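Worksheet for the structure shown next.
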Amino acid sequence: SIGANIVSFLYGPMPTQPLGWFKKPITKTADFKGLKYRTNGLAIDLFTSMGAAVNALPGGEIVPAMDRGLLDGAEFNNATSDRILGFPDVSKICMLQSFHQSSEQFEITFNKTKFNALPAKLKAIIENAVEAASADMSWKAVDRYSTDYRELQTKNGVKFYKTPDTFLQDQLNVWDEVVAKKGEGNPLFKEVEASMRTFAERAVKWDMDTNNPRRMAYNHYFGKKQPPKKG
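Using the UniProt record's numbering, the letters of the sequence shown correspond one by one to residues 1 to 231.
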């Protein structure tokens, strides 16, 4: 609809990104007032509206900036990428969960003219290769992220905290304002946002209603067992 001469395939779904790395735990929304914070994309508008002083530094400059005190906090991506980038060298506090990037995916893009000129068999090979690589990345990501998440705690001394629900709710409230403003005079933005909401209303309800509460089962098998009461 934007007239771009491309063919795109979604690839490599990724889970919720952390709120980020900080000098001390975030306990309330007011903690973000004046906070020197790194993020990018639409999250810039979100966190700016929540009072942060946002700097969209490229990945390679984030950790050095935190080390020099130019940033009070920053987010990048996931346990594996954050560990490789060096976050545990400059911070031992990581806040998990945030609505600024609940999920994401990569995209493989081809020139539409050239792609359409390919034989049908070759186009089918490309489409199936993308789907196979995406599925392969999905299970490998679960293995890598969970391994690095554990080792960040056991080997790097990182402490993880859950972002407070009050902060998450404030994010949603501010996000409504951000998308409303972005949609003014931008029909394509409004179209995409409406499409996402329609899908989410159906798919997320199905997910919540259908799938078991994982924490219940996790605590049953792996939680700390209380010693039996003495008679």
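Ideal Cβ positions, reconstructed from N, Cα and C, are used throughout, including at glycine. Since the model is a prediction, treat every value here as computed from it, not as a measurement.
- If you draw a 10 Å sphere on the C-beta of H100, you find 16 or more other C-beta atoms in it, and that means buried.
- Residue environment analysis places G41 among the exposed positions, since fewer than 16 neighbouring C-beta atoms fall within 10 angstroms of its C-beta.
- When C-alpha distances from I84 are compared across A120, L152, F47 and W139, the shortest belongs to L152.
- DSSP, reduced to helix, strand and coil, places R38 within a strand of the structure shown.
- The three-state reading of DSSP puts S195 in helix, counting H, G and I together.
- DSSP, reduced to helix, strand and coil, places G12 within a strand of the structure shown.
- Membership of I126 in the alpha helix (DSSP H) is indicated by the continuous run A120 to T154.
- Within the stretch 81-119, the runs of alpha helix (DSSP H) that reach at least 4 residues and sit entirely inside it are, in chain order, 112-116.
- Excluding residues up to 5 positions away in sequence, V54 and A56 lie with their Cβ nearer than 7 Å to the Cβ of I44 in the same chain.
- By the 16-neighbour rule on beta-carbons within 10 angstroms, F32 is buried.
- Check the Cα spacing between G12 and each of L122, K28, A133 and A4: the tightest is with A133.
- In the same chain as Y161, and ignoring 5 residues on each side of it, the C-beta atoms closer than 8 Å to its own belong to P25, I26, I93, C94, M95 and L96, in chain order.
- By a beta-carbon distance limit of 8 Å, M50 contacts V174. Their separation comes to about 6 Å.
- Residue range K159 to K162 is occupied by the beta strand (DSSP E) that includes K159.
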